[in-house]
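Chemist: Have a look at this one.
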Ligand SMILES: Nc1ncnc2c1ncn2[C@@H]1O[C@H](COP(=O)(O)OP(=O)(O)OP(=O)(O)O)[C@@H](O)[C@H]1O
Ligand SMILES: Nc1ncnc2c1ncn2[C@@H]1O[C@H](COP(=O)(O)OP(=O)(O)OP(=O)(O)O)[C@@H](O)[C@H]1O
Ligand SMILES: [Mg+2]
Ligand SMILES: [Mg+2]
């Protein structure tokens, strides 16, 4: 479990603190918390709550990226599972709804894993196929409309609270712990890192690299399916057109902000989730700031670049900038 | 010739696909449809050439769609609102986009950051900048626009080879020349093989990186101008998501995302394959929004699987003869 | 002979759009017209490609729901050369293309905004009122126009003021997220008097956000939005929404009639067939409207 | 060489160079002098800092301190390109060419013959062919470099550097994967270049070659300069003492007596085993406690045999048996489960996982063998890592260092440790001593013997026939991807092996394969 609390991550924590401070500056009541209907209420809770889908996605995505892959289909998988959950919610119990939605995620993951590990397709195109077709499947299920439901169980998943903590946040935390336990509690983490670091060498060392790759795509899709259910529960409806749209990019961004290389190898679950929180803290800050929405993307671009520069291997701290400048002058 | 067999296979896939489509919809086999295919995909073809350089060098450029959007808005505003002569506006916007690409390349190299993320930030930046310029779509009425969009070489059978299609074909040829026959092109492959090794072999990796992203953004700028010809307007939301179409076209064209392998002609074929899928779906015309997406996915899968199958088939005899030869 | 008409639809970005598509199909079936629908997945280039392929197939007429107002001249000129009449649905295009299409069946989205603004001004009266606005997708012409119309309407009433305005991308999830932060930024929502959303979907999300914050939408905070999708009537029944401005999904009906008349008798229709932007409030028996709209494919 | 009293400044002069990687002080105040026209050997143990010194000189690594003078003038190249422009051409230790480019492009990268801005492809190929012909290589230069064996790649790298060297040529272990024949050609060319006044730096762990070719020797140890001597006046034992800082327990070259192996039990056997187009079917018995050597020329099919035996390649005919029972052997996983181990010859691409630590690399195969659900605890991992770091003297002895940062020889030891940790019954070693210093070389050979005594079966590939003769109980000779002869007992000696290799007087082919 040591890798759950990595030594690295200073840059990320620093970035989070800075962005939180900026948020506080644009919105004085940013840190206010109160209890509302047995549920904590405040901007910080919004950050956690809204960050949940991307955090869940990044939990799966970080494993895929660790094997040197990428999964563009997570947004579409969210839409599919949300659509399934919403269509079943009012006629079936929660266990069946969840089983069906997560089962769909499992199938999606098997499909992606099959294309990448068995057919040997490049991950980005292999998952592009499901990214395109998957949203179509989701729309097929809902026939393009927003399917609403009122099943209190499912709604609870989106809006309920345990001990004041919103259920989605609790689920994300649970998934983080579960994933961490599975990955670091078994040899999976090491074998995934080896596969991503050098698949050929790992194969020769007896690692079942195909199975590893299959496993991470499956897990990634299951995480995405869960995120899809939560997103649907949140708005009490499945919006197949928009659920998870472009979230794959946010998830990848979160993973990279969390310091995992897109070239595979070393990964950190906690930092990936922290990356998701950094993104959401920024988004919430933008919403609170009251700037016109035309500025949203510019702010996002600048913050992303700043956060990345903070972690750049070539730029650890101000001192090295000075050193660089001096060297280039010389 | 390195890279020829995959290209040949892609070409076979394209021709076979075209024949199959034509069997179902005989109208497809007309110069009109072929002309449309070239015109409609002109801007995609142009960005895809730039993307080919980037991907072969081992990078990726997610900003191209936004750069196209920015270019159309900038050009439209420059011509219609600021009263700049069109040609001056083109030069200015190309200079801007090239500088933008160079800046991304420089950040990637100097700070050793992953291109995926740097260009993602670039994507936000360019799109955000076009929102700032104008959120409304701006029609362009300059005479050059109607002249260019009216110009077309008539093909036998009613098809039209439009100006923008010709621009695309010229850029494809130029790109092929640059990639396959020049020192710059060889260095692009070298970077894709291994940056560190290329550097040890004396390739100026930093300069190359800057130039490659500059080229990609420059071509995205040209694609933006072509797009503005195509639509006679500038609009901040144009070409959203085009980066993924572009990457798909490049990869279908046989370029490896890991870098070091690929070809310009392959990319061109990849663009045509994507265009063919779209044309087929349009001809069918019975598909709902969702079946359109599903069919696109299925066809994408079919093309790639077919291609991979053929590549695997093509490789097998080679392995055998390699053994026999030694 | 049976007419074949190509319809270049924008995509399926919202429930309203899905309803428009399914209503169009129903209307075409009613008139025994063969309607070919090409879905552009929100991309203008796809729409242009679709129109070109309709021309290549020599259809009798083309319906176009343009994703953006500009950029149609070249392709519409081609249609004109091929003598295929074009009818615009739902959205208009730039004036320079006026002679390139037969007629436009659209609503006036600036007017929609005005209707919403006028209702709010009337309902609030002379009281000071802080409004928060949920905009549509940045850059989308509908969003720009609905904002413009609303702004003009309330400009006459200095007591009405838009204090916050952010994009909710026309979606429920974003509408909810943005509303959550508006509530936080405006002292728990106490100082907000009304929400204006550029579509009903965002408003449905915003209503949830208000409820979760312990506010009573429809009472503590007035709501007005546009589209008149079934779910907003459900909210009205529950007393959680106050008003919506209808954007009818039946644009194809009048368009089909115009094309039929043009083909049979050569009647040239008016250049603009404007659909009604009807205001609905709780006084209009929302339950009944909900029931009637439920089956339309929203 | 008479020019030792030459008053002119030395060609290349390095004074007080230091370089640290974090806490590791790779070089401390190292001086080095290269004269025009001399061949200067740079020697030292694995990790002594040879490659680092070279990279500092050529500007690949920024230096912490010190001065480099070229022809009396101070130079500070900031990239390999700058060094090239200054006239210093280098072959770095790992083959540093691009497998995806054609051989010709590799040779002429960034200096292709041009006309009107277009590369003259035909001219470039002609020149490439001519250049390689000088090294006795006749291959299709338009084919991707990656389709050729390591040896061809290495020769290409050398050819490129030779062609580029204006004043100084640096060769970091150029002969590690070469045959005697190629080495001879290389030495011929080196002498010729030296005759033209070019200074050559030569790094190698083959002391025979060092004595054969070099004029002077500089020895490094632990990042410090130990001394500089004339080769002719430095006895071999003295040199080894300079390198290791201690005496080397001279390895005796006597083998286990010949009659003994018949009594041993068969560990694994392969009957009519082979794969079409890969290796002709062969019969092979591997016994507990016995070392079988595979000998042959480059490309004779030794690596292929090794891969089939381990399961890295799927046989399409024949039967594999372990302890007498038929087994399924189709993937490396099968091999590992059966208790086989395999150290591949290309450690960079097939062996190490560069980003992972020494500890993780060592436990990798053991963990894969135990499966997902029996994870080694961190304590067990530390324990295993520590044991093997000590046993194989891996330096630096830091289990948490990414393996990619170790020197080449130490990476090789980590690989060996990986397999020893699985307590295999059969170990296949493909060129285990490549790039390993004299001290470690002796260690590894001693280890091979010990392993044998413990009942391990060993299949060892080595291009050094002396070495094979030293430890093998049996030697299988390959030619043209077929097993052609098997020598046992007294018959095992270098001349017999050579005779078997060239049995039908066939031309000794050195072509690579497409
Ligand atoms: N890039 C690097 N980062 C950190 N440490 C390094 C790096 N390169 C080399 N080292 C360390 O510097 C020391 C010297 O390594 P170097 O590669 O120069 O040895 P060498 O003499 O060439 O050995 P060999 O004979 O095995 O090739 C070693 O301890 C090595 O671990
Ligand atoms: N199927 C394969 N997949 C991957 N690598 C392979 C395969 N077959 C052979 N190789 C690699 O190709 C190289 C060429 O093998 P080669 O024919 O030279 O074997 P060899 O006779 O052992 O020669 P050497 O003297 O270089 O060891 C080897 O390094 C081997 O690792
Ligand atoms: Mg070395
Ligand atoms: Mg070999």
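Protein chains in written order, with the numbering used here: chain A, 309 to 638; chain B, 966 to 1291; chain C, 1316 to 1613; chain D, 903 to 1416.
The beta-carbon is built from N, C-alpha and C at its ideal position, and this holds for glycine as well.
#1: Check whether chain B comes within 7 Å of residue 1481(C), counting only Cβ atoms and requiring the distance to be less than that.
#2: Taking only beta-carbon atoms, is residue 1162(B) less than 7 Å away from chain D?
#3: For residue 1252(B), which residues in chain C fall below 9 Å Cβ to Cβ?
#4: Please say whether residue 1317(C) and residue 1349(C) have beta carbons closer to each other than 7 Å?
#5: Look at residue 1432(C) and residue 1468(C) and say whether their C-beta atoms are less than 7 Å apart.
#6: May I have all residues whose beta carbon comes closer than 7 Å to any heavy atom of ligand 3, sorted in chain order?
#7: Determine contact between the stretch 501-509 of chain A and the stretch 372-390 of chain A, defined as no fewer than three beta-carbon pairs at a distance below 8 Å.
#8: Relative to chain C, which residues along the stretch 1234-1246 of chain B have a C-beta separation below 9 Å, given in chain order?
#9: Please classify residue 554(A) as buried or exposed, where buried requires at least 16 neighbouring CB atoms within 10 angstroms.
#10: Reducing DSSP to helix, strand and coil, say where residue 1545(C) ends up.
#11: Please report the residue range of the alpha helix (DSSP H) in which residue 1038(B) lies.
#12: Buried or exposed for residue 1159(D), please, with buried defined as at least 16 other CB atoms from any protein chain shown within 10 angstroms of its CB.
#13: For the structure I just gave you, are there three or more beta carbon pairs, one from the stretch 1123-1138 of chain B and one from the stretch 995-1008 of chain B, closer than 8 Å?
#14: On the three-state DSSP scale, how would you describe residue 1056(D)?
#15: Give me the Cα-Cα distance between residue 1331(C) and residue 325(A), rounded to the nearest whole angstrom.
#16: Is residue 596(A) close to chain C, meaning its C-beta is less than 7 Å from at least one C-beta of that chain?
#17: Taking DSSP as the reference, what is the three-state secondary structure of residue 1445(C)?
#18: Can you tell me whether residue 1172(D) sits near ligand 1, meaning its C-beta is under 6 Å from at least one heavy atom of the ligand?
#19: Measure from the C-beta of residue 437(A) to each C-beta in chain B and report whether the shortest distance is under 7 Å.
#20: Can you tell which of 1497(C), 1501(C), 1544(C), 1534(C) has the C-alpha that lies nearest to the C-alpha of residue 1521(C)?
#21: Using 10 angstroms around the beta-carbon of residue 354(A), count the other beta-carbons present and answer buried if the total reaches 16, otherwise exposed.
#22: Between which residues of its own chain and residue 1602(C) is the CB-CB distance below 8 Å, once the five residues before and five after are set aside?
#23: Quick check on residue 1166(B) - is its C-beta less than 7 Å from some C-beta in chain D?
#24: Which residue marks the beginning of the alpha helix (DSSP H) containing residue 1128(B), and which one marks its end?
#25: Taking only the alpha-carbon atoms, compute the straight-line gap between residue 1019(B) and residue 1151(B) and give it to the nearest angstrom.
#26: Taking C-beta pairs closer than 9 Å, name the residues in chain A that residue 1079(B) reaches, listed in chain order.
#27: When you compare the CB of residue 1071(B) with every CB in chain D, is at least one pair closer than 7 Å?
#28: Which residue comes first and which comes last in the beta strand (DSSP E) that contains residue 1221(D)?
#29: Check whether the Cβ atoms of residue 1004(D) and residue 967(D) sit closer than 7 Å, and answer yes or no.
#30: Checking 7 Å against the spacing of the C-beta atoms, do residue 1088(B) and residue 1184(B) come in under that value?
#31: Taking the alpha-carbon positions, what's the residue 942(D) to residue 1183(D) distance?
#32: If contact is defined by three or more beta carbon pairs under 8 Å, each pair taking one atom from either stretch, is the stretch 1068-1081 of chain D in contact with the stretch 1042-1057 of chain D?
#33: By Cβ distance below 8 Å, which residues in the same chain neighbour residue 1224(B) in space, the five residues on each side in sequence not counted?
#34: Quick one: which chain C residues come within Cβ less than 7 Å of residue 545(A)?
#35: Rounded to a whole number of angstroms, what is the C-alpha to C-alpha distance between residue 1561(C) and residue 385(A)?
#36: Within 6 Å: the Cβ of residue 482(A) and any heavy atom of ligand 1?
Modeler: This is what the structure gives:
#1: no
#2: yes
#3: 1352, 1353, 1354
#4: yes
#5: yes
#6: 952(D), 953(D), 995(D), 1074(D), 1075(D), 1105(D), 1309(D), 1310(D)
#7: yes
#8: 1240, 1243, 1244, 1246
#9: exposed
#10: helix
#11: 1029-1045
#12: At residue 1159(D) the pLDDT is 46, less than 50, meaning the model places this residue with poor confidence and gives no usable figure here.
#13: yes
#14: helix
#15: 42 Å
#16: yes
#17: strand
#18: no
#19: yes
#20: 1497(C)
#21: buried
#22: 1548, 1552
#23: yes
#24: 1128-1146
#25: 13 Å
#26: 564, 569, 570, 571, 616
#27: no
#28: 1219-1224
#29: no
#30: no
#31: 46 Å
#32: yes
#33: 1020, 1021, 1022, 1023, 1024, 1156, 1157, 1158
#34: 1487
#35: 33 Å
#36: no
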